[in-house]
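S.K.: According to the numbering used here, the sequence shown holds residues 23 to 312 in order. Glycine included, each C-beta is placed from N, C-alpha and C at the ideal position. Okay, here's the structure, questions in a sec.
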Amino acid sequence: MKQSPHTVTKSNQECPVCRQLSDRRMFSLGAGSLFRCRMCDTAFYSPRPTACELSDFYASQTYRDDYKSGDMVGEEFAGNRYCQFAQALRQYDEDIFNENSRRLLDIGCGTGDFLKIARQNDWQVAGVEVSQDAVLEANKKLERDCVSLELADQLQGNRNAYSVITSYHVIEHLLAPLAMLKQAHELLKPGGIIFIETPNIGGLGARLLGERWSQLKPVEHINYFNRRSLFFALREAGFVDITTMTIRPQKIQSVANFPQIVQGIMLAAYEIVPKLNLGASLQGIATKPR
23 MKQSPHTVTK
33 SNQECPVCRQ
43 LSDRRMFSLG
53 AGSLFRCRMC
63 DTAFYSPRPT
73 ACELSDFYAS
83 QTYRDDYKSG
93 DMVGEEFAGN
103 RYCQFAQALR
113 QYDEDIFNEN
123 SRRLLDIGCG
133 TGDFLKIARQ
143 NDWQVAGVEV
153 SQDAVLEANK
163 KLERDCVSLE
173 LADQLQGNRN
183 AYSVITSYHV
193 IEHLLAPLAM
203 LKQAHELLKP
213 GGIIFIETPN
223 IGGLGARLLG
233 ERWSQLKPVE
243 HINYFNRRSL
253 FFALREAGFV
263 DITTMTIRPQ
273 KIQSVANFPQ
283 IVQGIMLAAY
293 EIVPKLNLGA
303 SLQGIATKPR
């Protein structure tokens with residue numbers, strides 16, 4: 023007899039990061055369940071969608087409309103994101119800003135707002151984006167064809183080429199997150215830096231809300247990382263000098279409907295929890311060995 027998601031205790035499939043068959047069910051989620059790998063601590067959704075199902079999902083008008091109306095778009099948001107990125111990068115390796123020719127690749131670059139800001143700050147930029155419409159818009163915005171559809175396209179002539187690779191809120195979407203990190207490793211020059219951001223399943227909000235956490239949304243998000251699992255993934259991909267940290271979100275919509283005094287308390291909490299590594303977003307910075 024076929025089991026319902028409520029009775030399944032193991033996924034019976036490989037962890038998308040460490041490939042081990044050792045996990046435990048956390049709770050039911052949509053038409054499936056969320057599982058956590060006992061080996062590397064990565065959480066993942068099962069059953070996994072197919073590549074075709076994901077392609078159809080991201081090509082849908084509903085997804086495109088939701089993305090365009092979301093909080094993580096626009097030049098103001100990109101400018102704030104760049105400022106935080108530059109500050110974190112300087113703390114990690116200030117010498118990167120002294121290079122004469124700094125090349126940056128943004129994996130999952132959307133319509134190119136972050137790349138536009140980076141170029142204004144003396145980076146030579148390129149991007150990868152799965153949406154054909156977004157690629158066209160980004161190349162128009164950047165006034166040259168520097169954004170492509172496939173990360174594999176970058177491997178043609180760009181191995182050991184980039185100073186920095188960024189990837190904001192992409193790894194949680196991928197069927198093969200470790201493969202993306204390994205491709206990024208190939209594209210970085212020796213001593214190059216990868217900068218990753220993803221929702222933090224180890225954050226305070228995720229811990230308190232459990233299955234009601236807002237970032238639990240299959241099939242859009244199918245992988246979930248905490249500091250331990252992101253460190254593991256970066257190390258497995260060949261990176262060294264790995265640093266992980268958590269940050270608060272730029273925009274906090276969840277407090278808008280509370281009384282002013284409660285909003286103040288909640289906003290203060292959002293400032294404090296990243297210092298305890300419980301922030302809503304997780305970042306990882308690491309280096310390709312020289």
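(1) Mapping the DSSP letters down to three states, classify D167 as helix, strand or coil.
(2) CA-CA distance, I294 and G179?
(3) Suppose you measure from the CA of E121 to the CA of R60; what does that come to, to the nearest Å?
(4) With a cut-off of 8 angstroms, do at least 3 Cβ pairs link the segment 118 to 135 to the segment 182 to 197?
(5) Tell me the rounded alpha-carbon separation between P296 and I118.
(6) From which residue to which residue does the beta strand (DSSP E) around R58 run?
(7) By how many angstroms is the C-alpha of S82 removed from the C-alpha of D88?
(8) Keeping to the same chain, check which residues put their C-beta closer than 7 angstroms to that of D115; ignore five residues upstream and five downstream.
(9) Please check the pair F247 and T133, which I expect to be a contact at CB under 8 angstroms, by giving their CB distance rounded to whole angstroms.
(10) Can you tell me the Cα-Cα spacing of M288 and N299, whole angstroms?
(11) Quick one: using the 10 Å Cβ neighbour count with 16 as the cut-off for buried, is Q42 buried or exposed?
(12) Can you name the start and end residues of the beta strand (DSSP E) that Q146 belongs to?
(13) Cutting at 8 angstroms between CB atoms, please list the residues of its own chain near F79, excluding the five before and the five after it.
(14) Helix, strand or coil: how does DSSP classify V186 here?
(15) From which residue to which residue does the alpha helix (DSSP H) around T84 run?
(16) Please classify V284 as buried or exposed, where buried requires at least 16 other C-beta atoms within 10 Å of its C-beta.
M.R.: The short version:
(1) Within the sequence shown, residue 167 is the residue found at index 145, counting from 1. It is coil, neither helix nor strand.
(2) Counted from its first residue, the sequence shown places residue 294 at position 272. Counted from its first residue, the sequence shown places residue 179 at position 157. Roughly 44 angstroms between the two C-alpha positions.
(3) Here residue 121 refers to the residue found at position 99 when the sequence shown is read from its first residue. Here residue 60 refers to the residue found at position 38 when the sequence shown is read from its first residue. If I take the Cα positions, the gap works out to 42 angstroms.
(4) Touching, yes, given that three or more Cβ pairs across the two stretches are closer than 8 angstroms.
(5) Counting from one through the sequence shown, the residue named residue 296 turns up at place 274. Counting from one through the sequence shown, the residue named residue 118 turns up at place 96. Their Cα atoms are separated by approximately 25 angstroms.
(6) By one-based count along the sequence shown, residue 58 stands at place 36. R58 -> beta strand (DSSP E) spans 54 to 59.
(7) Taking the sequence shown and counting its residues from 1, the one referred to as residue 88 is at position 66. Taking the sequence shown and counting its residues from 1, the one referred to as residue 82 is at position 60. Distance between the alpha carbons of D88 and S82: 10 angstroms.
(8) Here the question's residue 115 lines up with position 93 in the sequence shown. Contacts found: I215.
(9) For this step, residue 247 is matched to residue 225 along the sequence shown. For this step, residue 133 is matched to residue 111 along the sequence shown. Not quite, the Cβ-Cβ distance comes to about 25 angstroms (not below 8 angstroms), so this is no contact.
(10) Counting from 1 along the sequence shown, the entry for residue 288 is found at position 266. Counting from 1 along the sequence shown, the entry for residue 299 is found at position 277. Roughly 17 angstroms between the two C-alpha positions.
(11) To locate residue 42, count along the sequence shown from 1; it is residue 20. It counts as exposed.
(12) Position 124 of the sequence shown holds residue 146. Start and end: 146 to 150.
(13) For the purposes of this step, residue 79 is taken as residue 57 along the sequence shown, with counting starting at 1. P71, Y85, V241, E242, listed in sequence order.
(14) Within the sequence shown, the letter at position 164 stands for residue 186. Strand, per DSSP.
(15) Counting from 1 along the sequence shown, the entry for residue 84 is found at position 62. 83 to 90 is the span of the alpha helix (DSSP H), which, as asked, contains T84.
(16) Your numbering for residue 284 matches position 262 in the sequence shown. Exposed, because fewer than 16 other Cβ atoms sit within 10 Å of the Cβ of V284.
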